[in-house]
Structures are given as structure tokens and as C-alpha cells.
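**Student:**
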DNA sequence: TCAGAAACAGAAAACGATTTCCGTATTTTC
DNA sequence: GAAAATACGGAAATCGTTTTCTGTTTCTGA
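Residue numbers (our numbering), protein chains in the order written: chain Y, 23 to 355; chain F, 23 to 355.
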């Protein structure tokens, strides 16, 4: 592949002139023409590696996340990538499989690649910014990491508390008091927030925790399925179910279908995130959806700000949206 | 961030020694120790950019695909990434949004990054390898591109012909002769293969094309929905439906649900790809699933072979799998 | 026409690693 | 114990750009 040297020779100018012309510094008209032609003739493409070395910036941000086979994450990356690409950055994706050791290795890898910034959905639990990213501009997504005020990192996530609060109100307003809630692992941040939001709304309406049937487990289809079956088998089963994540929603829907229960008839159902499943269901499900696209965009924009040296330390909560289907109805007493 | 020079100084050796030690060449025990310690003390991480420049290989492969918000693609990337990472390669993902111009720009970008190989789901239609990738080792996924025998590229995809052939047999065996088929755009390669496979099986069983109700349109939920409604409204509607892609399947399921038709009772249904929807449906759907994980792995392995200089020119067809639910039954005459 | 200013071109020094090549230590062999 | 063989360390070249800094043109205005 042609180098800038060969272009210079063919054009009869110095490499400095070629470089300047290609980077927008003014050169003599005749030279510009000659360079242009040489570039075309040799199909010259500047070596970004050499460029990156000299400029000590490769215009790359790392993205560190648990999995690639999960639309929640990939839709976020998609938005992140759109924003970053527009500003000339490329995106280097690394998968952790939720393994802390692997996470550390991949992070090391990204640092060796001299990334300019990081977008991370960290797995490591009780971690602060410094141990994860050092002094790298970083935006955490769907996680809150202890954020030094004005430091080089921020967080972007849905307002999980408000989402669950709203969900509870939705169900209570319809007349439910005996509600089953399917939560993710207690070790994660978001399930705790969702639990807290839900409980807050309930207690405000005088519904004690003892009437609630809260279950927590993995974020998986199987867990959702299992927990739903458990709840349905209770002597006094709940009149409404709230599944707080995509996988739990899928599992729950499956269990209901198997039990011959139509959401909104035998029991009310409030799901999370899976817009498509909600639409395709009959009747359509009521679901709370996270603004994935906006989360991605916001994270990318905040990261660009951090890279530009502006202070971070923000925690950006984005509102969720409730898509009303017909799966939340009055309870049959 | 520390450089190899500072490590050398602190360890009291030359940069050559540091480099050698870190790259596995034997050095004196005492020096090894000193380097080790200096590396730790300075938290030295080799600059992969400088390294890449000198070695003229950055151990990176590009991935060029239409979208990131589609599990079919992201599951493939996931597998690709696993295989490549194990061999020390990183994956640089670029999205084309199915826009040929953008595809060209992103490809240019990847070449400037001096990637060692490419995995591509090209959008550009009638294109041959040379115009897309030049002499870059390339594996095309879910597309067949005119492959120079022994050249530096190969293709990996499902055996779409066989999949559709099998689908037709499945339905014919159950007794259906009046079958509605939902296909993707005629301008793509895979819909044509699927159509051909389906027709081949039908004609073998003496079912003329005139009895079939073949519709083609976009690969979208809306198209699937629309085409299904059209078919259901016919004076003599089909007794079975075959949706040939994930989105078409979703749209079709939605239309059926809305029409109050249960797949496998009023009408038989054969879907594609969406394992989760198939499982969660009631009754579970019979679907043909593509071996996404294996497609990804195979593509990555083939690419590694090409990068190692072995000849390409292969077209690798991987068998699909039929997951039998209860949505294909005998027709009610 | 010429001095001074402004515009531009080019040689060479970075950037941070790897690698070659040569010289010195160390070991082996008789 | 000396010569030959081997092992190892280090100076310097290299990868392909950008950028600085100096030197040369070209332009301007009286």
C-alpha cells in the first residue's frame, strides 16, 4: 500500500506538503493539483496507525459490556456509534461475559490501544471509577459508580426508581393490591432501585410490603418462567404481575400462556422493555420501555464532553415510557 | 502514561532488553526481575499503536454490517468476536445502514486503519470481491459475492435453499397444498434461494406454482403483517403460512393474533429464526432457525485461515435446524 | 526597482515501540 | 588456562505520519 513518501515523490513535492494539503493547510494551487492526482493514481490511504502514533490520539472510544446478544445493549451501542462516528471517532467493542477477571483483561487491552474514552456497563460490583478506568474519560451506562464530583466520569441510565414507582401506581390505580413483582439479582444496582420505587408507591397508597409478592432471581427467561409459576401456584395468587426486565417479561409471558391465562383477563400484567413482544401479543401488553436510543446518544455526547475536558461527575437519569396495551385491567375479585 | 524508555531507565537496562523480555525473548534472570518490577512500579502498558506501526499489523479485523439493532447480526458478531479474541485479534465494527455510499466510506475507513481482515454483510448488490475489498482477506456472511477461486475471500451462510425445501416438505407432509409464502425483497440473494428451494420441493410433489400464494416485500414487521392480512382476506385463503425471516415471522404472528387465529388450529404456521417468540407462543411455533453462532464461528475461522495465507474461494453452506412446536398440523378441509 | 512582509516549501525531529547487528560477557571444550 | 562457541545487551534504524522551524518565494507598496 502506498505511503505518503511515494505520493510526495510522484507529485514532485515534499512529504510535508502532502501532509499539509491532506490536512487542510493551504498549499500552492499547482501543488494541490499534483498531490491530488498522485493520491488518486496510487490510491493512497493515510495510515491511521502512524497518524495515531504521531498525534497520540487514535480517535477511538472503547465500549465495554456484558454481552452482544442482547438487544438492550446493542441498541445502545448502535446509538453511541452513530453519535461518535459523526464526530470522527470509531468504536472498539469488548465483551466481558459478566466475568470480572475478563473485564479487567479487556479493559487493560483497551488501555494498551490508547483509547480516548470509554463507555462501560461494568460487571464488577462495588467499584469506584478510579479502580475501573483510572483517569480515562468514562461514561457508565445502566450502572451507577461512585462518581468523584467534577471528575472524568459520569453515569447515564433510566430513572429506574420512577419507572417502578409509575408501574406500581398504574396497577394500584386499576385496583390491584396483591401484586407479584419479578426482580433481577439483589446484587445489581437497577433491581434495587426498581424495588425501592415500587415499594415507595405502594406504601404511599397504604399497601404494606406483606401483601406484595416480591421475587428476585437472575435476569433470565428461565427465572421469569419459574418465578411466575411459583406465584401462580400460591393458594392466594396475585391479581397482577410486574416483570422488571426483558428476560423476566418473556419468561413470565411464557408461563402465563402455558397456564392458559390471558394477560388482562385472568390476571393483569405489566412488562418491561420488550416492545416487540408487547405489540405482537394478543391483547397487546402494557410495558415500560427504557429509552435505549436516547441512553446511547446521551452517553456518547457526555463522553465527548468529558474528552473535551469538561467536568463530569453527573448522573443522568432518563425517563422511561409506558406503552399502554390492554394487559392491565381491573382485578376480578 | 509510561513508555518503554522510562521502564528501561528505571530498570537500569536498555529499551531493547525491556522489549525482548516483554515479548518472550530470554534475558538474564536479574534483568527480567528488574524489568518486571519497573513495569509494575510504573504501571506500564505497551502502546499498541506504536507496536502496530512497527510490526505493520494491528491484529484487528473489521466487521461491516447493516445494523446493530438486529439480533441476527449481533449474535453472529458475538461468535466472531469470541473466536478472534482468542487468537489475539480485536474487532472493529462498522455499520452501513444498508446505504451503499456509507458502506464505501466505512470500508475506506477500515482500510486506513490497516485492518488485517474483513467480515462483511455487504449491501451493495451486484458486486464482486475486488470492488468491495480489494485484496483484503474477506469473509462474506449471509451473502454470496462472486468468489475468485483460490482468492482471498470466502462466503459463509445458511443453506437457504435446503431450509426452504425442508420447510415445504414439512408442510406438504402435513397435507397442505395451498400455502402462503412470505419472502424478503427480490433484490436480495437469500430470498431468491429460499423461493427456489420452496418451489423445488413443491414441484417435486406435484404442487404447481399456481396453487402457491407467494408474496414478497421488505424484511420488516410491517411487511409481514400486511402480507399476512392480504393472504387471510383472500376468498380462498391458504391453509398454511411460511414466513421466511425473523421480522416477517413477527409481523405474521401479529396479524394472526389480531385475526383471532391460533397458529396450528385455524391455520398452520412455519416461522423463521425467532426462537424466543416460538417458545413463548402458545402453542409453541415450529420455526426454522439459522445456526447464527456457528455462522459466526465459521466465518471467523475461515478469515483466520485467509489471513494466514491459505486459499479461499469457498462457499460454506451451514444447515439450518427445524424446531418443532405445534403450529404445523393437518389442514382442516 | 527594491525593501519588507507574507506565504509557502522542505528537511528533520518527533511519536513509542521492534528488530537488526555488533560487541562484550559468559560458558564450553580440549 | 586459552581458544572457540554461545548467550546476551545495547545503539541505532525503522515503521508512516505530523509538526516545527528555517529558508526561499512571491507579493505589496512606495
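The C-beta atom is built at its ideal place from N, Cα and C for all residues, glycine as well.
Would you call residue 286/Y buried or exposed, if buried means 16 or more other Cβ atoms sit within 10 Å of its Cβ?
**Tutor:** buried
**Student:** In angstroms with no decimal places, state the Cα-to-Cα distance between residue 191/F and residue 185/Y.
**Tutor:** Approximately 48 angstroms, taken between the alpha carbons.
**Student:** Give the interface partners of residue 99/F over in chain Y, defined as CB-CB distance under 7 angstroms, in chain order.
**Tutor:** For residue 99/F, the chain Y residues whose C-beta falls within less than 7 angstroms of its own C-beta are 90, listed in chain order.
**Student:** Are at least three pairs of beta-carbons, each pair with one atom in the region 172-186 of chain F and one in the region 213-229 of chain F, less than 8 angstroms apart?
**Tutor:** yes
**Student:** Determine, for residue 24/Y, whether the minimum Cβ-Cβ distance to residues of chain F falls below 8 angstroms.
**Tutor:** no
**Student:** Between residue 202/Y and the rest of its own chain, which residues show a CB-CB distance below 6 angstroms, the 5 nearest in sequence each way excluded?
**Tutor:** 235, 253, 260 and 263
**Student:** Just to check my reading of the structure: residue 35/F and residue 63/F have Cβ atoms closer than 8 angstroms, yes? What is that Cβ distance to the nearest angstrom?
**Tutor:** Not a contact, Cβ separation roughly 14 angstroms.
**Student:** For a contact meaning CB atoms closer than 7 angstroms, what does residue 298/Y contact in chain F?
**Tutor:** 272
**Student:** Please tell me whether residue 165/F and residue 211/F are closer than 8 angstroms, where the distance is taken between their beta carbons.
**Tutor:** yes
**Student:** Measuring alpha carbon to alpha carbon, tell me which residue in 347/Y, 279/Y and 322/Y is nearest residue 138/Y.
**Tutor:** 322/Y
**Student:** If we count the other Cβ atoms within 10 Å of its Cβ and call it buried at 16 or more, is residue 267/F buried or exposed?
**Tutor:** buried
**Student:** According to DSSP, simplified to helix, strand and coil, what is residue 130/F?
**Tutor:** helix
**Student:** With a cut-off of 8 angstroms, do at least 3 Cβ pairs link the region 339-347 of chain F to the region 310-320 of chain F?
**Tutor:** yes
**Student:** Thinking just about the alpha-carbon of each residue, which of 274/F, 258/F and 320/F is nearest to the one in residue 199/F?
**Tutor:** 258/F
**Student:** Taking only the alpha-carbon atoms, compute the straight-line gap between residue 329/F and residue 269/F and give it to the nearest angstrom.
**Tutor:** 35 angstroms
**Student:** Could you check if residue 10/Y is buried or exposed, using at least 16 other CB atoms within 10 Å of its CB as the buried criterion?
**Tutor:** For residue 10/Y there is no data in the structure shown, the boundaries of chain Y being 23 and 355.
**Student:** Nearest chain Y C-beta to residue 68/F closer than 8 angstroms, yes or no?
**Tutor:** yes
**Student:** Taking any Cβ of chain F, which residues in the region 106-127 of chain Y have a Cβ under 7 angstroms from it, in chain order?
**Tutor:** 112, 113, 114, 115 and 117
**Student:** Return the chain-ordered ranges of every beta strand (DSSP E) run that is complete within the region 276-311 of chain F and spans a minimum of 3 residues.
**Tutor:** 290-294 and 308-311
**Student:** Is the beta carbon of residue 176/Y sitting closer than 8 angstroms to the one on residue 338/Y?
**Tutor:** yes
**Student:** Rounded to a whole number of angstroms, what is the C-alpha to C-alpha distance between residue 68/Y and residue 129/F?
**Tutor:** Their backbone Cα atoms lie some 14 angstroms apart in a straight line.
**Student:** Inspect the CB distances between the region 74-87 of chain F and the region 292-311 of chain F and report whether three or more fall short of 8 angstroms.
**Tutor:** no
**Student:** Whose C-alpha, out of 66/Y, 240/Y, 97/Y and 42/Y, is nearest the C-alpha of residue 297/Y?
**Tutor:** Nearest option by C-alpha distance: 97/Y.
**Student:** Which residues mark the beginning and the end of the beta strand (DSSP E) in which residue 345/Y is found?
**Tutor:** 343-345
**Student:** Grab me the residues of residue 247/Y's own chain with a C-beta within less than 6 angstroms of its C-beta, minus the 5 sequence neighbours each way, in chain order.
**Tutor:** 273, 276 and 277
**Student:** For residue 225/Y, report the span of its alpha helix (DSSP H) as first-last.
**Tutor:** 211-226
**Student:** How far does the beta strand (DSSP E) with residue 86/Y in it extend, from its first residue to its last?
**Tutor:** 82-87
**Student:** The region 126-158 of chain F: which residues have C-beta closer than 8 angstroms to a C-beta of chain Y, in chain order?
**Tutor:** 130, 131, 133, 134, 135 and 136
**Student:** Is the beta carbon of residue 135/F closer than 8 angstroms to that of residue 324/Y?
**Tutor:** no
**Student:** Would residue 71/Y count as contacting chain F if we go by Cβ distances under 8 angstroms?
**Tutor:** Taking a beta-carbon distance threshold of 8 angstroms, residue 71/Y counts as an interface residue toward chain F.
**Student:** Hey, residue 119/Y and residue 144/Y: beta-carbon distance below 8 angstroms or not?
**Tutor:** Cβ atoms of residue 119/Y and residue 144/Y: not closer than 8 angstroms.
**Student:** Classify residue 9/Y as helix, strand or coil using the three-state DSSP reduction.
**Tutor:** Lying outside 23 to 355, the shown extent of chain Y, residue 9/Y is not represented and no answer is given.
**Student:** Could you work out which residue in 32/F, 103/F and 72/F is closest to residue 319/F when comparing CA atoms only?
**Tutor:** 103/F
**Student:** Which of helix, strand or coil does DSSP assign to residue 25/Y?
**Tutor:** DSSP places residue 25/Y in coil when its eight states are reduced to three.
**Student:** Any idea which residues DSSP pairs residue 161/F with across the strands?
**Tutor:** 141/F and 176/F
**Student:** What residue does the alpha helix (DSSP H) around residue 37/F start on, and which one ends it?
**Tutor:** 37-44
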